[in-house]
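Colleague: Below you'll find the structure I mean.
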Amino acid sequence: MERFLTADGTPTLYHPRYREAYHPRQGALLQARRLYVEKTLTHLHPAPRVLEVGFGLGVNFRAALESALARGVRLRYLAVEKEPLPREVLLRLALPLPRAEGVFAEILEAWPAERFAGSWGELRLLFGDIREVALPQAWATAVFLDPFSPKVNPEAWEPPVLQRLRQALRPRGRLATYSAQGAFRRALQRAGFSVHRVPGVGKREWTVGIAVKAPPE
Numbered sequence: 001m002e003r004f005l006t007a008d009g010t011p012t013l014y015h016p017r018y019r020e021a022y023h024p025r026q027g028a029l030l031q032a033r034r035l036y037v038e039k040t041l042t043h044l045h046p047a048p049r050v051l052e053v054g055f056g057l058g059v060n061f062r063a064a065l066e067s068a069l070a071r072g073v074r075l076r077y078l079a080v081e082k083e084p085l086p087r088e089v090l091l092r093l094a095l096p097l098p099r100a101e102g103v104f105a106e107i108l109e110a111w112p113a114e115r116f117a118g119s120w121g122e123l124r125l126l127f128g129d130i131r132e133v134a135l136p137q138a139w140a141t142a143v144f145l146d147p148f149s150p151k152v153n154p155e156a157w158e159p160p161v162l163q164r165l166r167q168a169l170r171p172r173g174r175l176a177t178y179s180a181q182g183a184f185r186r187a188l189q190r191a192g193f194s195v196h197r198v199p200g201v202g203k204r205e206w207t208v209g210i211a212v213k214a215p216p217e
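Reading the sequence shown from the start, the letters are residues 1 to 217 in the UniProt record's numbering.
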């Protein structure tokens, strides 16, 4: 995989099979902070529980962890990843997050395990297809929906998956994603979310969904 620096100076990779980068060229860490951490209000929550679809390079996890450590709160994080990257690849992708990077270095020593825990909180990983793995019910305060795009990875954006994500969210929990596709937004609404367009970075809009209706059975 080709490694390159995004505009904010943080690294990402280009995936040759999907023919997409893991992050926008405008900034890997920039997107993690502004979209996933801030638009879900994870940076303000006193006890954040994050469910991520697409752990990838761990950028969103590290950004959320840095916020939690800076505030002195514990982070509980559950990530679904179909294709975990090797340790030697992740070691090449350091971020300017002094608190989180120390924890991530310890995680990489035992990578890829399914659970990591410490005074900072807990990271659990589900290695498999988001359509098949078991998700907790009414558990998450936030969902970071960050797989490859609907064009190349459509199964991660299917209506049944969105319904499962709604079931995993607590009432008023928030889902954030970079996709602004119309069909996706309509499916998100049918799954029980109020759907909001928010200004994006590198693209005109991002999407935020708030869990307001009862999840479909």
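By construction, the Cβ of each residue, glycine as well, lies at the ideal position given by its N, Cα and C atoms.
From the DSSP output, in three-state form, read off TRP157 for me.
Modeller: Note: TRP157 maps to helix in three-state DSSP.
Colleague: On the CB-based measure, 16 or more other CB atoms within 10 Å of its CB, does GLN167 come out buried or exposed?
Modeller: By the neighbour-count rule (16 or more Cβ atoms within 10 Å), GLN167 is buried.
Colleague: So PRO66 is in the alpha helix (DSSP H); what residue range does that whole segment cover?
Modeller: One detail in the question is off: residue 66 reads as Glu in this sequence, not Pro. Looking at the DSSP string, the run of the alpha helix (DSSP H) that includes GLU66 is 59-71.
Colleague: What residue does the alpha helix (DSSP H) around ALA100 start on, and which one ends it?
Modeller: Taken as a continuous stretch (DSSP letters only), the alpha helix (DSSP H) holding ALA100 covers 98-109.
Colleague: How many angstroms separate the CA atom of GLY128 from the CA atom of LYS82?
Modeller: One C-alpha to the other measures close to 4 Å.
Colleague: Counting along the chain, where does the alpha helix (DSSP H) carrying GLU88 start and finish?
Modeller: Element bounds for GLU88: 87-90.
Colleague: Based on the DSSP secondary-structure assignment, which residues constitute the bridge partners of HIS15?
Modeller: Looking at the DSSP assignment, HIS15 forms a beta bridge with GLU20.
Colleague: Would you kindly report the start and end of the unbroken beta strand (DSSP E) that includes GLY118?
Modeller: Per DSSP, GLY118 belongs to the beta strand (DSSP E) from 115-118.
Colleague: Using DSSP with H/G/I as helix, E/B as strand and the rest coil, what is LEU5?
Modeller: Correct three-state label for LEU5: strand.
Colleague: Using the C-alpha atoms, what's the distance from VAL80 back to PRO150?
Modeller: Distance between the alpha carbons of PRO150 and VAL80: 17 Å.
Colleague: Which residues bound the beta strand (DSSP E) around ARG174?
Modeller: Taken as a continuous stretch (DSSP letters only), the beta strand (DSSP E) holding ARG174 covers 169-177.
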